[in-house]
Every structure is written in structure tokens, then in C-alpha cells.
Amino acid sequence: MKIVKNFIPPTESTPFNPAKAIEIPAGGNGHIMMNGMGGESFGVRKILPYAPDMNTIFVSARLNEDLYLFRDLQLSVVHRLFQHIDGLLAPFIIQKSNSLVFELTNTHKAAQTVNIQLIGYDHYSLTKLINIYSDIGSPMPQPRFLYGQATLAPGAVNIDMGVKAKSIDVEARRLTMSSNRPGDITASLKVYNTTIRNEVYLEQINDEFGQFYANVPFIIGSNMPFQVYASNKGAQQASVSFLCESYVVQKSDVNPLEV
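Numbered per the numbering used here, the sequence shown spans residues 1 to 259.
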């Protein structure tokens with residue numbers, strides 16, 4: 001996978017980054033629909049959400065009408081994934097005259113206002129970036145997200161979070177987790193029964209990947225079992241979300257390169 005670094009947008013690009021807010025009543029639902037300026041395409045590098053209690057807001061993201069990026073996760077796990085990085089290695093694209101829809105549920109006992117901002121490239125920058133990849137003879141990396149959500153009873157041990165692999169091979173680069181019970185949750189990871197991470201606390205996962213990519217990226221093959229196990233060492237029920245930033249494995253991939 002070739003990665004274009006230090007990309008400079010063309011002079012005609014705008015600094016516009018869309019943001020929208022919605023108030024969701026206690027126990028209620030709502031949605032935020034976002035697109036590029038004037039209905040043009042927009043390349044998303046970061047999703048920056050905010051709500052007073054992001055552990056009690058659950059979110060699904062639907063791109064270009066039919067592709068779910070992720071479903072039914074705590075908003076806090078999305079915030080953690082994007083908070084401390086420059087952005088995805090390459091953007092995912094909201095197509096012209098299309099949208100990115102965030103489906104939201106508020107499980108809190110009080111109403112909450114949710115604001116979501118997208119950081120990325122307008123259609124001028126996207127065109128330049130796509131042309132650069134064409135010039136170097138490489139397709140632009142395609143982000144994909146692996147995800148899971150679980151409710152853990154007190155003392156629950158090694159509960160499978162239901163993370164499903166994609167129908168194509170992907171390379172995992174960053175992981176993050178969230179919970180409404182910090183300090184109580186541990187996790188371990190396996191790919192096809194091969195241990196990727198021994199049991200560590202959720203906070204250790206986030207410390208490892210908060211600002212950095214995997215020291216050694218790992219491949220999750222097409223429909224291959226990817227097991228994320230979570231345990232609750234606390235005395236109260238816990239909600240836990242998992243989100244992984246990965247990229248479609250390109251046939252020409254041998255070693256990652258930066259250009």
C-alpha cells in the first residue's frame with residue numbers, strides 16, 4: 001500500500017469542513033446528514049463528534065446511501081479513534097450529490113445535543129490527490145472499519161464482541177475501545193486463533209494506538225475469524241465498544257511505502 005504523505009491541497013480548495021448538531025431527547029433517536037459544499041464530493045479524513053456524555057450516545061454511520069461504515073457503537077469510541085491523529089491514511093469519499101448519515105440514539109436519562117464535524121478534502125483537493133496516486137501507478141488506499149459492541153454483566157469473562165471480518169482482505173492499522181466503566185474492562189484479540197494481543201486493560205489499548213499506528217500491521221483475511229474478547233472485572237454492568245481502522249489489501253502490496 002502506497003501512502004501519499006505531506007499532501008498540499010491546490011490553491012482553489014476551500015477550508016470548509018461541515019458540521020451539524022441535533023438535540024436528541026432522553027431515550028430518543030435522531031440523525032445528522034452531511035455532504036460536501038454545494039453537494040460536491042468530500043473526502044473524509046476525520047470524524048470529530050461531541051456530546052455531554054458520549055458513552056450514552058450510540059451511533060451508526062451510513063455512506064452514500066447503502067454502505068454502513070459502522071453500526072451501534074458508543075459515540076465515544078468514534079471520538080477516541082480520530083481525536084489525536086492527523087487523519088486517516090487516505091480519505092473515504094462522500095460522492096457528489098450523496099451523503100454521510102449518522103443515525104443516533106440517546107440512552108441517557110436527559111436530552112443531549114450531539115455535534116459532528118467532518119475534517120477532510122473538498123472536490124478540488126480530492127481530484128489532485130487521486131491524480132497523484134494515478135501518477136505513481138497505485139490505487140488510493142480504501143479505509144474500512146471493523147467494529148463490535150457488547151454489554152457485559154458484572155464479572156463477565158471473555159465475551160466475544162461480535163466483530164465481523166470483511167468479505168475482502170484488510171490490513172489493521174489502529175484500534176480503540178470505549179466503555180462507561182473505565183478501569184473495569186480488559187480485552188484480548190485473536191485472528192484465526194492466533195493471539196494478536198494478550199489480555200490488557202482497555203486503557204492500555206487506547207494508550208498504544210491513541211496517537212500511533214500499529215508497530216506491526218496485521219492482515220485480517222476475507223471472512224476470517226477476528227475475535228475480540230472483553231471481560232468486566234467490575235461490580236456493575238458495562239457497555240463496551242470496539243473500532244478498528246483498516247485498509248483494503250491491494251494485490252500489489254508487498255511492503256507499505258510512503259511517497
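Just so you know, even glycine gets a beta-carbon here, dropped at the ideal spot from N, CA and C.
### Query
Taking all protein chains shown into account, do 16 or more other C-beta atoms lie within 10 angstroms of the C-beta of N255, making it buried, or fewer, making it exposed?
On the sequence shown, residue 255 is found 255 positions in, with the first residue counted as 1. Confidence is the limiting factor: at N255 the pLDDT is only 49, short of 50, which leaves the residue's position unreliable and the question unanswerable from this model.
### Query
Alpha carbon to alpha carbon, how far is L89 from G183?
The residue you call residue 89 lines up with position 89 of the sequence shown. The residue you call residue 183 lines up with position 183 of the sequence shown. Distance between the alpha carbons of L89 and G183 is about 31 Å.
### Message
What residue range does the beta strand (DSSP E) around F145 cover?
### Response
For this step, residue 145 is matched to residue 145 along the sequence shown. Run containing F145: P143 to L152, per the beta strand (DSSP E) assignment.
### Message
For Q117, tell me which candidate among Q236, T195, S167 and P18 has the shortest Cα-Cα distance.
### Response
The residue given as residue 117 occupies position 117 in the sequence shown. Taking only the C-alpha atoms, the option nearest Q117 is P18.
### Query
Exposed or buried, L243, counting other C-beta atoms within 10 Å across all chains shown (16 or more means buried)?
Stepping through the sequence shown from its first residue, residue 243 is reached at position 243. Buried, by the Cβ-count rule.
### Task
Give the single residue among T186, K166, R181 and Q142 whose Cα lies nearest to the Cα of G43.
Here residue 43 refers to the residue found at position 43 when the sequence shown is read from its first residue. With distances taken between Cα atoms, G43 lies closest to Q142.
### Task
Go through its chain and collect everything with a Cβ distance to H108's Cβ below 7 Å, but skip five positions before and after it.
Here residue 108 refers to the residue found at position 108 of the sequence shown. Contacts found: A26, D53 and T56.
### Task
Would you mind working out which of S178, G28 and T14 sits nearest N232, comparing C-alpha positions?
Here residue 232 refers to the residue found at position 232 of the sequence shown. For N232, the nearest C-alpha among the options comes from S178.
#### Entry: Simplified DSSP assignment, three categories, for Y229
For this step, residue 229 is matched to residue 229 along the sequence shown. The DSSP-derived three-state label of Y229 is strand.
#### Entry: Of the listed residues R173, T176 and G87, nearest to R45 (C-alpha basis)
Within the sequence shown, numbered from 1, the residue matching residue 45 stands at position 45. Minimum Cα distance to R45 is reached at G87.
### Task
Mind the definition here: the region 60-78 touches the region 202-210 only if three or more C-beta pairs lie below 8 Å; say whether that holds.
At 8 Å Cβ cutoff, the stretches do not touch.
### Query
Under the three-state reduction of DSSP, which class applies to K128: helix, strand or coil?
Counting from one through the sequence shown, the residue named residue 128 turns up at place 128. For K128, the three-state secondary structure derived from DSSP is helix.
### Task
Classify G183 as helix, strand or coil using the three-state DSSP reduction.
Counted from its first residue, the sequence shown places residue 183 at position 183. In this structure, G183 counts as coil in the three-state DSSP scheme.
### Close beta carbons around L257, own chain, < 6 Å, minus the five adjacent residues each side
For the purposes of this step, residue 257 is taken as residue 257 along the sequence shown, with counting starting at 1. Unreliable positioning characterises L257 in this predicted model, as indicated by a pLDDT of 43, which lies under 50. The coordinate reading is nonetheless provided below. So the qualifying residues of the chain are K2.
#### Entry: Cα-Cα separation, A230 to Y124
What you label residue 230 is simply residue 230 of the sequence shown in a count that begins at 1. What you label residue 124 is simply residue 124 of the sequence shown in a count that begins at 1. So the alpha carbons of these two residues sit roughly 43 Å apart.
### Message
Taking DSSP's pairing of strands, which residues face S260 in a bridge?
### Response
Nothing can be reported for residue 260: it is not among the residues displayed for the chain, which extend from 1 to 259.
### Query
Is there contact between the region 121-141 and the region 214-223, where contact requires at least three CB pairs shorter than 8 Å?
In short, these stretches do not touch, since the Cβ pair count stays below three.
#### Entry: Residue of T11, V248, Y247 and Q250 minimising C-alpha distance to K128
Against the sequence shown, residue 128 aligns to sequence position 128. The candidate whose alpha carbon is nearest that of K128 is T11.
### Task
Determine the closest residue to L69 out of Q211, T176 and V101, with distance taken between C-alpha atoms.
To locate residue 69, count along the sequence shown from 1; it is residue 69. If we check each option's Cα against that of L69, V101 comes out closest.
### Query
Do T176 and the ligand PLP come close, with the Cβ less than 6 Å from some heavy atom?
Inclusion of the ligand PLP in the displayed structure is not the case, the ligand content being empty and no account of it being possible.
### Message
If the criterion is Cβ atoms closer than 7 Å, does the pair E199 and T186 meet it?
### Response
Reading the sequence shown from its first residue, position 199 is the one you call residue 199. Reading the sequence shown from its first residue, position 186 is the one you call residue 186. Yes; because the gap between Cβ atoms is below 7 Å, this pair is in contact.
### Task
In angstroms with no decimal places, state the Cα-to-Cα distance between V248 and F92.
The residue labelled residue 248 in the question sits at position 248 within the sequence shown. The residue labelled residue 92 in the question sits at position 92 within the sequence shown. Cα to Cα, V248 sits roughly 12 Å from F92.
### Query
What first and last residue would you give for the alpha helix (DSSP H) that runs through N55?
Numbered from its first residue, the sequence shown carries residue 55 at position 55. Looking at the DSSP string, N55 is not in any alpha helix (DSSP H), and its letter there is neither H nor E.
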